[in-house]
Amino acid sequence: MAETTYQGLIEDLEKYLEYQRDEGVQRLEVDRAVLEELAREPEPDVPETLVVEAVPIPDHFDSVEAIAAHVAGCTNCELCQSRTMTVPGEGKTDSPDILFVGEGPGAEEDAQGRPFVGKAGQLLSKMIDAMGYTREEVYIANVVKCRPPGNRKPVREEMDLCLPYLRRQIELIKPKVIVGLGGTAMEGLLGRPAGITRMRGVWQEYEGIKLMPTFHPSYLLRDPSKKKEAWADLKLVLGELGKVPPPRK
Ligand code: URA
């Protein structure tokens, strides 16, 4: 059973702001209406607690399609209440060279039910292309399968409730290498908080699979000067796969 309280929302916002700070964001513009809304006490007739039905996740899905079908009806956490579509993941399911793991769907992904199809997704597609792959030749998934409202970082409980899906996806598709996009993806995969600035470019391991942390494409859109470092990380991934980047088009 997952619960959201007014206090919980404030705590989520705090975590989101801490995340932005950790990612190097130094200034945020906040609408006056948002500040007024935050200052407002909850209406007495608005229920303090939203309750969602937690359905156990079957341990042994035998295909990624079965996972996607289950995810489509998942009500394990409150994210189900605001989602339009679930975003289970897509790509090559038969031992792809690379699995890219992001944080969670944004607005465009929520509308289309596909991972990384918004602005950050366009940059990820370019990164994949620069590595000499197509999106169909890799697998792309997220730590949480439903959009966190306002693109906030998923909270720990949401990640914990959703991670069994990603873990089983990884068992089934058996990627050769995993690329963790940003601190939240790394936190989900490693099960502990991960400072991406310090960790990026340093090989980690997930259940015996080599795991390369790098910056999230959204962060690269905000700070393009970091693209050089991300590209260095992706070249390490190619090296691990015995490949070199194709000549630039
Ligand atoms: N950001 C993510 O982390 N995942 C997506 O699918 C889209 C944007």
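Numbering of the sequence shown is given in the numbering used here, commencing with residue 2 and proceeding in unit increments. Built from N, CA and C at the ideal position, the CB exists for glycine as well. What you are looking at is a predicted structure, and each value in this text was computed from that prediction instead of being measured.
Within the same chain, show all residues whose beta-carbon is closer than 8 angstroms to that of residue i, passing over the 5 residues directly before and after it, in chain order.
i: residue 118; result: 109 and 110
Report, in whole angstroms, the separation of the C-beta atoms of residue i and residue j, which I expect to be a contact under 8 angstroms.
i: residue 244; j: residue 92; result: The pair is not a contact, with the Cβ atoms about 17 angstroms apart (cut-off 8 angstroms).
i: residue 242; j: residue 215; result: With 8 angstroms as the limit, residue 242 and residue 215 do not qualify as a contact, their Cβ atoms being about 15 angstroms apart.
i: residue 88; j: residue 115; result: 7 angstroms
i: residue 148; j: residue 105; result: 6 angstroms
Compare the C-alpha of residue i against each of the options and name the closest.
i: residue 140; options: 147, 163 and 99; result: 99
i: residue 128; options: 69, 236 and 194; result: 236
i: residue 231; options: 217, 223 and 240; result: 217
i: residue 146; options: 171, 69, 175 and 174; result: 69
i: residue 222; options: 124, 101, 103 and 190; result: 124
i: residue 150; options: 130, 177, 78 and 184; result: 78
Which residues in the same chain have their Cβ closer than 6 angstroms to the Cβ of residue i, if we skip the five residues on either side of it in sequence?
i: residue 45; result: Note that residue 45 has pLDDT 48, beneath the 50 cutoff, so the model's placement of it is unreliable and the number below is only indicative. Within the same chain, residue 45 has no close Cβ partners at all.
i: residue 247; result: 133
i: residue 17; result: 153 and 154
I need the boundaries of the beta strand (DSSP E) containing residue i, first residue and last residue.
i: residue 213; result: 210 to 215
i: residue 188; result: Counting along the chain, residue 188 falls outside any beta strand (DSSP E), though it belongs to the alpha helix (DSSP H) covering 184 to 191.
I'd like to confirm the pairing. Which residues does DSSP put opposite residue i in its beta bridges?
i: residue 143; result: 103
i: residue 205; result: 212
i: residue 91; result: 141
i: residue 179; result: 100 and 212
For residue i, which residues from the same chain have a beta carbon less than 7 angstroms from its beta carbon, with the 5 sequence-adjacent residues on both sides left out?
i: residue 85; result: 111 and 112
i: residue 157; result: none
Taking the alpha helix (DSSP H) that residue i falls in, what are its first and last residues?
i: residue 69; result: 65 to 73
i: residue 161; result: 157 to 174
i: residue 195; result: Neither: residue 195 is in no alpha helix (DSSP H) and is coded neither H nor E.
i: residue 229; result: 228 to 241
i: residue 123; result: 120 to 131
Taking CB distances under 7 angstroms as the criterion, tell me whether residue i reaches chain C.
i: residue 89; result: The structure shown contains no chain C, having only a single protein chain.
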